[in-house]
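As structure tokens, the structure follows; a few thoughts come after it.
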Amino acid sequence: MTKMISSALPGLDRLRRHTGDRTIVGGLFGIAIAIGAYHGFDRPIYQENDTNIVYIYQTLLINDGLMQEYLDHTGYVYFLILSGWLKLLHMLSIVPFITISDLEGAAHMRESFQALLQASRWLSVLLSATLASVLYVLLRMLVSVRWVAVLVALMIIISFGMVDQAIRLHTELPATLSIFLALLMLMASTRSRGPRAYLQLAAAGFFCVAAMLTKYQAFPLLMALPLVPFMWLEKKRPLELPTGILGRWSGVSMIGLWALVFSIPAFVMVITPMVLVTDQARLLPALIYLPLIIAYVALICLLYAMAAGKTGQQTVLGLAAIGCGMALGIYLVFIHHDPRILYTTANFINQLSDFASNTPAGQSFKAATPDTAMTMIMAKLMALIEPTLIRAFQPGGTGNAMWPIYWAVGLGALVTAPFHWRLSLKLAFFLGLALAMEAFSRFRYLAPWYLIFIEPWVWIAFALLLDAVLVNRTRIARRLSIAAPMVVAAPLILVLAGVGW
Numbered sequence: 004m005t006k007m008i009s010s011a012l013p014g015l016d017r018l019r020r021h022t023g024d025r026t027i028v029g030g031l032f033g034i035a036i037a038i039g040a041y042h043g044f045d046r047p048i049y050q051e052n053d054t055n056i057v058y059i060y061q062t063l064l065i066n067d068g069l070m071q072e073y074l075d076h077t078g079y080v081y082f083l084i085l086s087g088w089l090k091l092l093h094m095l096s097i098v099p100f101i102t103i104s105d106l107e108g109a110a111h112m113r114e115s116f117q118a119l120l121q122a123s124r125w126l127s128v129l130l131s132a133t134l135a136s137v138l139y140v141l142l143r144m145l146v147s148v149r150w151v152a153v154l155v156a157l158m159i160i161i162s163f164g165m166v167d168q169a170i171r172l173h174t175e176l177p178a179t180l181s182i183f184l185a186l187l188m189l190m191a192s193t194r195s196r197g198p199r200a201y202l203q204l205a206a207a208g209f210f211c212v213a214a215m216l217t218k219y220q221a222f223p224l225l226m227a228l229p230l231v232p233f234m235w236l237e238k239k240r241p242l243e244l245p246t247g248i249l250g251r252w253s254g255v256s257m258i259g260l261w262a263l264v265f266s267i268p269a270f271v272m273v274i275t276p277m278v279l280v281t282d283q284a285r286l287l288p289a290l291i292y293l294p295l296i297i298a299y300v301a302l303i304c305l306l307y308a309m310a311a312g313k314t315g316q317q318t319v320l321g322l323a324a325i326g327c328g329m330a331l332g333i334y335l336v337f338i339h340h341d342p343r344i345l346y347t348t349a350n351f352i353n354q355l356s357d358f359a360s361n362t363p364a365g366q367s368f369k370a371a372t373p374d375t376a377m378t379m380i381m382a383k384l385m386a387l388i389e390p391t392l393i394r395a396f397q398p399g400g401t402g403n404a405m406w407p408i409y410w411a412v413g414l415g416a417l418v419t420a421p422f423h424w425r426l427s428l429k430l431a432f433f434l435g436l437a438l439a440m441e442a443f444s445r446f447r448y449l450a451p452w453y454l455i456f457i458e459p460w461v462w463i464a465f466a467l468l469l470d471a472v473l474v475n476r477t478r479i480a481r482r483l484s485i486a487a488p489m490v491v492a493a494p495l496i497l498v499l500a501g502v503g504w
């Protein structure tokens, strides 16, 4: 009877599925709130090493119409979000004030600032729950077994990196949220048709720029995002011919022209600081690496269009959509205009090198010439590979509770290589991305709040492995006899390599 009703009402299954997803998302929000309540929203300001004073102070400056003084990341988008959040709560009479001038005249400054801190911690909880929900939706798109997506989303929201972000104020959380929103939109665009696909591409470009304006450290992850759709590219997908104005070169040319009109001012805003800057770049001038980044993104888009069998019109529209989305992200600087935001963003590599070398060990790097500095960076990177691998794969030695997941993903990539190379490539890619991001983060030091850039990628790889085992368990069991020598040899090789270290 149920099957008859479902066949007669095709929307019933969809409604039931979406209702279940909403229940799961609600559960993720409940867990995030429980985590925040367990640690306490009213913890004293000076109880822990936190950036709460700095970030709330920057937000109060912005709300007073002043320029932010903290530009290390730059944190700009996060301060805008926090500013809007405090304005909403002030309108509801939940927080006493939202400007620096009101703070200076407060009768009980400490208590008033504590109220702002508690309100800001609630925002961190909501952002962490939103990130877990986005990851759940992304996993539902990437895996076929629903409870795998549920399980991994739950593990992510209680992981060390996520909990550290949920109970404190850090820029990594909104940056990571922007990264995974960009990836979600990018993957959704490969499965959509018509104008919706181009809107999703534009959204992906927007969130990429938003991530950069929040945290420059997100750059390596953003460079890896365009490669992800290739691993889900359908080999024999029928060519979709656009219709209407999107299928005629005259219409596409008009849309492309309007996209240029919208995008050119934004890119000129980025190029101008590169031309006018007089400071000597410590590594590479922005006039060199920014065009290379643009060329890289354009090349990846063209290669994907060729591999997916897209028409010339679709390729042009896709590039135009990405350009418009990135331009819209750049236009965020007009919400609270500060020329230094664009200046540091256009020269983000120099900004990153200054931030990473702001330690006693980094003083020699600051005094080095560009050639010497590049050599020092490569030597430092090679030296960071060892502690990265040790933390990832050594049981309990460096406080990494996820080491069994690292081993499962690594061995899974080796075991599946002979008979499921596409899955093996996905596992190796996400595991390698996590390890590379950890090594990159270690240029300064591996702070606990950096783990949110690392752990979700390992969990995504584990979800793919678990899903493949459940869906293809008979085939995998039959093939394990072929891969058994690799399962035995891989740990021995890693142990011997550890002895060599």
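Start counting the sequence shown at 4; every next residue gets the next number (my numbering). A virtual CB, placed ideally from N, CA and C, is assigned to each residue, including glycine.
- When DSSP reads this structure, K218 sits in a beta bridge with T77.
- By the neighbour-count definition (other C-beta atoms within 10 Å, threshold 16), E114 is an exposed residue.
- Residue state for K90 is assigned as helix, using DSSP reduced to three classes.
- A Cβ-Cβ distance of about 6 Å is found for the pair M234 and L428, placing them in contact under the 8 Å criterion.
- In this structure, A214 lies near A221, with their beta-carbon atoms less than 8 Å apart.
- Under the DSSP assignment, I463 falls in the alpha helix (DSSP H) whose first and last residues are 458-474.
- About 6 Å separates the beta carbon of I36 from that of V128, a gap short enough to meet the 8 Å contact definition.
- Residue burial annotation: V137 is buried, with at least 16 other C-beta atoms found within 10 angstroms of its C-beta.
- Secondary structure within the region 304-367: the alpha helix (DSSP H) runs of 4 or more consecutive residues, fully enclosed, are 315-333, 342-349, 351-359 (chain order).
- The three-state reading of DSSP puts T419 in helix, counting H, G and I together.
- Between the region 157-173 and the region 64-75 there are fewer than three inter-stretch CB-CB distances shorter than 8 Å, so the stretches are not counted as touching.
- Per the C-alpha coordinates, the member of D45, H76, L263, M272 positioned closest to I325 is L263.
- The C-beta distance from A411 to L468 rounds to 7 Å, short enough to fall under 8 Å.
- When only Cα atoms are considered, L384 and A437 end up about 15 Å apart.
- By the criterion of a C-beta distance shorter than 6 Å, L355 is surrounded in its chain by Y219, once the five residues flanking it on both sides are discounted.
- In the three-state scheme derived from DSSP, where H, G and I count as helix and E and B as strand, Q117 is classed as helix.
- Excluding residues up to 5 positions away in sequence, A205, G208, A262, F265, S266 lie with their Cβ nearer than 8 Å to the Cβ of C327 in the same chain.
- By the criterion of a C-beta distance shorter than 8 Å, W452 is surrounded in its chain by G164, D167, Q168, R171, H173, E175, once the five residues flanking it on both sides are discounted.
- The region 40-57 and the region 141-154 do not touch, with fewer than three beta-carbon pairs separated by less than 8 Å.
- Only residues of its own chain outside the window of five on either side were considered, and among them I170 have a CB closer than 6 Å to the CB of H42, listed in chain order.
- Around the beta carbon of M190, 16 or more other beta carbons sit within 10 angstroms, so the residue counts as buried.
- In this structure W460 touches F433 by the C-beta definition: roughly 5 Å separates them, less than 8 Å.
- In the three-state reduction of the DSSP assignment, D45 falls in the coil class.
- Contact annotation, D470 with S147: C-beta distance approximately 6 Å; criterion of less than 8 Å satisfied.
- Counted as a single uninterrupted DSSP element, the alpha helix (DSSP H) harbouring N66 occupies residues 55-66.
- DSSP places R171 outside both helix and strand once states are collapsed to three, so it counts as coil.
- The Cβ-Cβ distance between P99 and A118 falls below 8 Å.
- Shown here, E107 sits in a helix according to DSSP, grouped into three states.
- Rounded to the nearest angstrom, the Cβ distance from F465 to L224 is 18 Å, too far for a contact under 8 Å.
- Taking a cut-off of 8 Å for Cβ pairs, the region 290-306 and the region 180-196 do not touch, as fewer than three such pairs fall below it.
- A Cβ-Cβ separation of about 13 Å leaves A416 out of contact with A395 under the 8 Å criterion.
- Between the alpha carbons of G315 and S86 lies a gap of roughly 43 Å.
- About 42 Å separates the beta carbons of A420 and N350, which is beyond the 8 Å limit, so they are not a contact pair.
- Beyond the five residues adjoining it in sequence on each side, L449 comes within less than 7 Å, by CB distance, of E441 in the same chain, given in chain order.
- Q203 sits in a helix when the DSSP states are folded into three classes.
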